[in-house]
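Undergrad: Numbering (this note's numbering), first residue to last: 65 to 274.
Pasting a structure below so you can have a look.
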Amino acid sequence: MTEELEQYILSHIDPEPAYLARLNRDTHVSCLYANMCSGHLQGRMLKMFTRMIKPRRVLELGTFTGYSALCLAEGMGDDTELHTVEINDELQDFIEAHFAESPLRDRIHLHIGDAPEVIPALGAGWDLVFIDANKRNYADYYRLVLPMVNPGGFIIADNTLWYGKVADPSAHDAQTAGILEFNDCVASDPSVEKVMIPLRDGLTVIYKKP
């Protein structure tokens, strides 16, 4: 993906809403690791996936500054709910301020805490789960949420190519190991259908068979 090709793509898809553009700018000005923000292309993809799936209940693991949550909520219909979980309590004020500026604020419920502790209290019955949290724990997140996903529901996981390190035998860091464990776990699971999309850092789309 060259910069020229990316700019061509961005000029031929739906524009980034103004409140998301502000959030993206503020993230890059105020936050470390601003590259974790989903951004325009992936955001439009998440919205489109949500339009296609038509979920009533969505769970996101890893809010960061809220960009992906807003994109997921944008693709949801009326009388739906999105619960997003972020472990970093220092981001809470930033996230809530940007959620409040969006037209989707009533659809989103922010939970600050560790996902394995928060998720059980939210109950089951998820139609879509988006995983974009601690890479070391991806496989644990998957094993935790899969039984809570409705038959015919979806899990989407971000960063599953992890800067290409998944294909690098010399990569032994904990994050790469976590992504490799997750990828192998999903690939060997006969209860789901799965496909990896080489968008940005890799998206894996997982369908839970009825």
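The beta-carbon is built from N, C-alpha and C at its ideal position, and this holds for glycine as well.
Note that the coordinates shown come from a computational prediction; the quantities given were computed from them, not determined experimentally.
Ala133 and Leu146: beta carbons closer than 8 Å?
TA: Sequence index remark: in the sequence shown, residue 133 carries index 69 (1-based). Sequence index remark: in the sequence shown, residue 146 carries index 82 (1-based). Result yes, Cβ atoms of Ala133 and Leu146 sit closer than 8 Å.
Undergrad: I'd like the list of long-range same chain contacts for Arg115, defined as Cβ closer than 6 Å, with 5 residues on each side in sequence excluded.
TA: Here residue 115 refers to the residue found at position 51 when the sequence shown is read from its first residue. The residues are Gly139.
Undergrad: Does the distance from the C-beta atom of Tyr227 to that of Leu125 stay below 8 Å?
TA: Here residue 227 is taken as the residue at index 163 of the sequence shown, counted from 1. Here residue 125 is taken as the residue at index 61 of the sequence shown, counted from 1. Their beta carbons are not under 8 Å apart, which means Tyr227 does not touch Leu125 by this criterion.
Undergrad: Tell me which residue opens and which closes the alpha helix (DSSP H) that Glu192 is part of.
TA: Reading the sequence shown from its first residue, position 128 is the one you call residue 192. The amino acid occupying residue 192 in the given sequence is Leu; Glu does not appear at that position. Where Leu192 is concerned, there is no enclosing alpha helix (DSSP H), although the beta strand (DSSP E) it sits in stretches over Trp190 to Ile195.
Undergrad: Exposed or buried, what is Glu150 when buried is set at 16 or more other beta-carbons lying within 10 Å of its beta-carbon?
TA: Position 86 of the sequence shown holds residue 150. Looking at its Cβ environment, which holds 16 or more other Cβ atoms inside 10 Å, Glu150 is buried.
Undergrad: Is there a Cβ of chain B sitting closer than 8 Å to that of Ser252, yes or no?
TA: No chain B is part of this structure, which consists of one protein chain only.
Undergrad: Could you tell me which uninterrupted beta strand (DSSP E) segments, each at least 3 residues in length, are contained entirely in the stretch 156-220, listed from first to last along the chain?
TA: Listed in chain order, they are 172-176 and 190-195.
Undergrad: Just tell me which of Leu174, Phe158 and Gly107 has its CA closest to the CA of Leu74.
TA: Taking the sequence shown and counting its residues from 1, the one referred to as residue 74 is at position 10. The shortest Cα separation from Leu74 among Leu174, Phe158 and Gly107 belongs to Gly107.
Undergrad: Which partner residues of Ile270 appear in the DSSP bridge assignment?
TA: Translated into the one-based positions of the sequence shown, residue 270 becomes position 206. Its beta-bridge partners are Ile219 and Lys258.
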